[in-house]
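> Sharing a structure with you now.
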Amino acid sequence: MTTTRPTPARPAERPAPARRSRRRQARTFGFHLAAGGLAVLWLLPILLVLTTSVRSFSDIASNGLGALPGSFDLGSFGEAWGVGGGGHAMLNSVVVTIPTVFLSLLLAAAAAFALSRYRIPFRRTIILVMLSGNLLPPQILLVPVSKLAELLGIYDTLTALVIVQVGFGLGFYTFVLQGFMRSIPDELQQAALIDGAGTVQIFWRIILPMTRPALAALGALAFTWTFNDLLWSITVLRTETVMPVTPALLGLQGQYVSNWNVIAAGSVIAAVPTVLVFLRFQKHFISGLAIGAIK
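First residue of the sequence shown? That's 449 in the numbering used here, and the numbers climb one at a time after it.
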């Protein structure tokens, strides 16, 4: 009697290397196609503003806003800068932004140093209270901030706008910096104390230089937020001559309703400082975010 031994099941055939390579190429092509499409959609409004800013008014009026450029005219930049008040508004923005960034980071660094390096009672509650100011919708604070500025006699001045910007951003900056400073080893502070350094010297010569990546990242963010702010500007300012560039751009749209080339040129002028700051601090900004993410 003969017995038939069952035939063992054959293992599943693995895809050939050529097939795997084709699938990998297809996935890569699909990824680049989707990413490229999103990039084009994101850049399309910017490209439209740039092309509109260098077209003449007659070209836009005869061919339409979405037509291909039929002219090249830089006169709209001069009109937006001079007659439109872009130059004066830019100066107001610089006068507000630089003190705001400097004071915000200095006060936040000092507060973060105290909260992170010393045993202050209820320090966690203090940090949460400071941070909660940034979690509230700013719309509910518009009327109290406006009335408080009137009571203090600083309404419709750039000083009021600087104080509001510093106060509103201080909680977030302190929260980020105290988390960064807590990661600095205590041995450095103890060694400085043994060498006779005081509290101010430890803060200014040891802790603050080691916080430079976080300060650079927050500085770039603070500059962008302050320079592009519109809400607080129209809350505490009224006169046109003290308006920063963003509300001035809003007024430019009312002044040049149909002159899209002048409005687009004003938008390009308003975007130049923030782009330059981001490009200048790009390396510090990315390194600061990476260090903060790791720690």
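C-beta: ideal position from N, C-alpha, C; glycine also.
Please report how far the alpha carbon of V654 lies from the alpha carbon of V544, in whole angstroms.
As a position in the sequence shown, residue 654 is number 206, starting the count at 1. As a position in the sequence shown, residue 544 is number 96, starting the count at 1. Looking at the sequence provided, one finds Ile at residue 654 rather than Val. So the alpha carbons of these two residues sit roughly 30 Å apart.
> Three-state secondary structure (DSSP) at F570?
Translated into the one-based positions of the sequence shown, residue 570 becomes position 122. Of the three classes helix, strand and coil, the one that applies to F570 here is coil, per DSSP.
> Can you look up A515 in the DSSP assignment and give me helix, strand or coil?
Translated into positions along the sequence shown, residue 515 becomes position 67. Coil, per DSSP.
> If you draw a straight line from the alpha carbon of R468 to that of H480, how long is it in whole angstroms?
Taking the sequence shown and counting its residues from 1, the one referred to as residue 468 is at position 20. Taking the sequence shown and counting its residues from 1, the one referred to as residue 480 is at position 32. Their backbone Cα atoms lie some 18 Å apart in a straight line.
> Suppose contacts are defined by Cβ-Cβ distances below 9 Å. Is A640 in contact with I650 by that definition?
Reading the sequence shown from its first residue, position 192 is the one you call residue 640. Reading the sequence shown from its first residue, position 202 is the one you call residue 650. Cβ distance < 9 Å, so A640 and I650 count as in contact.
> Would you call the CB atoms of L422 and D604 closer than 9 Å?
Because the chain spans 449 through 743 in this model, residue 422 falls outside it and cannot be assessed.
> In whole angstroms, give me the CA-to-CA distance for A560 and L553.
To locate residue 560, count along the sequence shown from 1; it is residue 112. To locate residue 553, count along the sequence shown from 1; it is residue 105. The alpha-carbon atoms of A560 and L553 are separated by roughly 10 Å.
> Would you mind working out which of D643, G535, V624, V690 sits nearest R660, comparing C-alpha positions?
Against the sequence shown, residue 660 aligns to sequence position 212. It is V624.
> Does DSSP classify S504 as helix, strand or coil?
Walking along the sequence shown from the start, residue 504 turns up at place 56. Correct three-state label for S504: coil.
> Are the CB atoms of V612 and T683 nearer to each other than 9 Å?
Residue mapping note: residue 612 aligns to position 164 of the sequence shown, counting from 1. Residue mapping note: residue 683 aligns to position 235 of the sequence shown, counting from 1. Yes, they are a contact pair.
> So what's T683 in DSSP terms, helix, strand or just coil?
Here residue 683 refers to the residue found at position 235 when the sequence shown is read from its first residue. In the structure shown, T683 sits in a helix (DSSP, three-state: H, G or I).
> Within 10 angstroms of the Cβ of P592, are there 16 or more other Cβ atoms? Answer buried if so, exposed if not.
The count along the sequence shown starts at 1 and reaches residue 592 at position 144. So P592 counts as exposed.
> In chain order, what residues of the same chain lie with their CB nearer than 6 Å to the CB of D744, ignoring the 5 residues before and after it?
Given a span of 449 to 743 for the chain in the structure shown, any question on residue 744 remains unanswerable.
> So the alpha helix (DSSP H) P721 belongs to, where does it begin and stop?
If you number the sequence shown from 1, residue 721 lands on position 273. 708-728 is the span of the alpha helix (DSSP H), which, as asked, contains P721.
> What are the boundary residues of the alpha helix (DSSP H) that includes W652?
Taking the sequence shown and counting its residues from 1, one reaches residue 652 at position 204. Element bounds for W652: n/a, residue is neither H nor E.
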